[in-house]
Each structure stands twice: as structure tokens, then as C-alpha cells.
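Start counting the sequence shown at 1; every next residue gets the next number (UniProt numbering).
Below: the structure, in C-alpha cells.
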Amino acid sequence: MTLLQSRWLRFTRSALPPTRQHRHDRLLRGFSVSIPKFEAAGAPASLSSGNSHSGSKRFRQHVNPLSVTYRQPVELPKWTQCFANTSLPIHLDIGCARGKYLMDVAESQAFERNFVGVEIRRNVLREAEREAERRGLRNLAFVHANMNFHQATLLQSLPGPVKSVSIFHPDPWMKKRHIKRRLVTEEFVEEMATHLPNGTPIYVQTDVEELFAYMVEIFEMSKLYDFDVLHKNPLGIPTDREKFVCNEGGDIYRVKFIVDKSEKEAKDPAAQICD
Numbered sequence: 001m002t003l004l005q006s007r008w009l010r011f012t013r014s015a016l017p018p019t020r021q022h023r024h025d026r027l028l029r030g031f032s033v034s035i036p037k038f039e040a041a042g043a044p045a046s047l048s049s050g051n052s053h054s055g056s057k058r059f060r061q062h063v064n065p066l067s068v069t070y071r072q073p074v075e076l077p078k079w080t081q082c083f084a085n086t087s088l089p090i091h092l093d094i095g096c097a098r099g100k101y102l103m104d105v106a107e108s109q110a111f112e113r114n115f116v117g118v119e120i121r122r123n124v125l126r127e128a129e130r131e132a133e134r135r136g137l138r139n140l141a142f143v144h145a146n147m148n149f150h151q152a153t154l155l156q157s158l159p160g161p162v163k164s165v166s167i168f169h170p171d172p173w174m175k176k177r178h179i180k181r182r183l184v185t186e187e188f189v190e191e192m193a194t195h196l197p198n199g200t201p202i203y204v205q206t207d208v209e210e211l212f213a214y215m216v217e218i219f220e221m222s223k224l225y226d227f228d229v230l231h232k233n234p235l236g237i238p239t240d241r242e243k244f245v246c247n248e249g250g251d252i253y254r255v256k257f258i259v260d261k262s263e264k265e266a267k268d269p270a271a272q273i274c275d
């Protein structure tokens, strides 16, 4: 099944104006990217989804983000204790898991940017925090949060401007009754655009074709984003899920969405916030 044959496109593509249908089709045709095998996969023999990383401990792969457990008030870090320089621009990684790749990126940009990794599974995040502390990273912080409920609180608390966002291999929740649990929803993309200025890139990456088509539809239907082609991982360091998929001969689907509220602002000048 190709992206253009997926049920998500059949159900929702017809709702787009003809010009946007053409643009949308062009987007989807360009994003099946095969990556050469990595010499060291660094990942378990099987990974169902997400950015899981190898290690001695095994954690639960999935948690229900709609559960009351994950809708409690978020406990935010003390940013001045996390970052050596709180004025640096921020890269936000949503669904970082153990965050090994994020640590590697942060280490390579120690004086250029601060990094914030968000993960819904608290036990996974504790391991990431211990490793980041061991490595002495002063431009990286981890937050235990549910971005379907805590997004505004987190974004408003950040000490510096968010210059980019990444969503790598989110849980696909493939069963029909579980689709409502997906990270990328209409509310999610609308709230993200509300709190980010025009021009902010959001990098999306997955190895699940149907999920990719679904996420593209959600972003497109919001009319709050433009897009651009991504032929490689924008952070330059692959996640363990990415390594595993590529070594198995799978495809990675990537796209860069760019916040563009001009259409909405033209209709409603009062919507011009954040810029």
C-alpha cells in the first residue's frame, strides 16, 4: 500500500481545496527514504515503536496518555539549575525516551543551544536524567510530561526561545480504538502553532507509513504550517529506532513542517500572537 492509497488520505483528502490536494500529494510522494545500514545498530533486536534505547533495563513500551495518571499537573525543572546559559535558543524533542541521541546532539552543541527532552514514561526518564548528569551536560534538561495536556504549561515556562522541535518515531497506536491516543492530534498542532512564532520548524520522522500519512493530514488540515522536504535526520545523529529500522532494510518517512499562521492571521488579525 502506498501513502496515496492509505485510508487516511481517502477519508480526508477530499476535504482539501484542489490546490492543497495537489500540494499534499506532492508532499507525500517525496518522503519514502531508504537509509544505508549503520555499522552499530545500538538497538534491541526488536523495537515496536518510539525512540527506545538499548540498556540493561526493559521498560514498558506503551502507556495510555489519556489515563488520569498522565494528566496530573506537570512538575517543571528549575531551568537555571539545568542550563549553564538560560538565554540560548532551545530545541524541543517530544518523546525522547532514554534520550541517548539527544545527549549526543547536546554534547556537540554545548555552547550553541539548549535542549529539552520530553517523555511521558517517568521510569524511562529517570534513566536519561542519570546518564545526562553522569556526562555533565549543562545544556540539556528532561521533563516528565504529557504533551497532549501539558504543552502550554511547558512552552510558556521555557527560559529561552524555541527555535526548533522534533517528533521522532511517536507511538503509532495502530488499533482503531487507540487512534485517539496518538500524540499528533488537531488540538496538538493548533496549540503548538499558538505558542511558536512563524518560521519555527517542526521535524517529524517515523517508519510507519500509515502514521506518516495521518500526521501529514493533521498538519495540513490545520492550515497553520508550510512544509519542506527532509532527506536525512535533521539532528545529524540517529535514534536507536532509526538505526534498527534502517538495518532491517526499512524506510524512514520525514517531513519538516514550518509554522505559518499567515492565512489565519489574514482572516483574524487578533490571532497575531507570538510573533
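Note that CB positions come from ideal geometry on N, CA and C, so glycine has one too.
Remember, it's a predicted structure, so these values are computed and weren't measured experimentally.
Lys-256 and Leu-140 have their C-alpha atoms roughly 23 Å apart. A distance below 9 Å separates the beta carbons of Ile-90 and Lys-163. Under the DSSP assignment, His-195 falls in the alpha helix (DSSP H) whose first and last residues are 186–195.
The Cβ atoms of Gly-95 and Ala-128 lie no closer than 9 Å to each other.
C-alpha of Tyr-203 to C-alpha of Met-221: approximately 17 Å in a straight line.
Nearest in C-alpha terms to Lys-232, of all of Leu-224, Arg-121, Asp-240, Ile-252, is Ile-252. Pairing Asn-114 with Glu-133, the inter-Cα distance amounts to about 15 Å.
As a beta-bridge residue in DSSP terms, Phe-227 pairs with Phe-257.
The Cβ atoms of His-150 and Gln-205 do not sit closer than 9 Å to each other. With fewer than 16 neighbouring CB atoms inside 10 Å of its own CB, Lys-175 falls in the exposed class.
Within a 10 Å sphere around the beta-carbon of Asn-123 sit fewer than 16 other beta-carbons, which makes this residue exposed. The Cβ atoms of Phe-83 and Glu-119 do not sit closer than 9 Å to each other. Here DSSP, grouped into helix, strand and coil, assigns Asp-207 to coil.
Excluding its 5 nearest sequence neighbours in each direction, Glu-190 has C-beta neighbours in its own chain below 8 Å: Ser-222, Leu-224, listed in chain order. Relative to the Cα of Asp-171, the nearest Cα in the group Leu-154, Asp-226, Ala-97, Ala-266 belongs to Ala-97. For the segment 61–109, the full-length beta strand (DSSP E) segments reaching 3 residues or more read 90–94 along the chain.
Counting only the Cα atoms, Asp-93 lies some 15 Å from Asp-240. Of the residues Gly-249, Val-165, Leu-183, Leu-158, the one whose Cα lies closest to the Cα of Trp-79 is Leu-158.
Cβ-Cβ separation between Leu-137 and Met-103: approximately 6 Å, consistent with a contact (criterion under 8 Å). For the options Lys-243, Glu-217, Tyr-214, Gly-199, the alpha carbon positioned closest to that of Asp-260 is the one of Gly-199. Within the DSSP bridge table, the entry for Asn-114 names Ile-90 as partners. In chain order, Lys-256 place their CB closer than 6 Å to the CB of Asp-228, counting only its own chain and leaving out the 5 sequence neighbours on each side.
Looking at Ser-108, Val-116, Ala-106, His-144, the one whose alpha-carbon comes closest to that of Val-74 is His-144.
For His-144, the pairing in a beta bridge is given by DSSP as Glu-119. When DSSP states are grouped into helix, strand and coil, Phe-168 belongs to the strand group.
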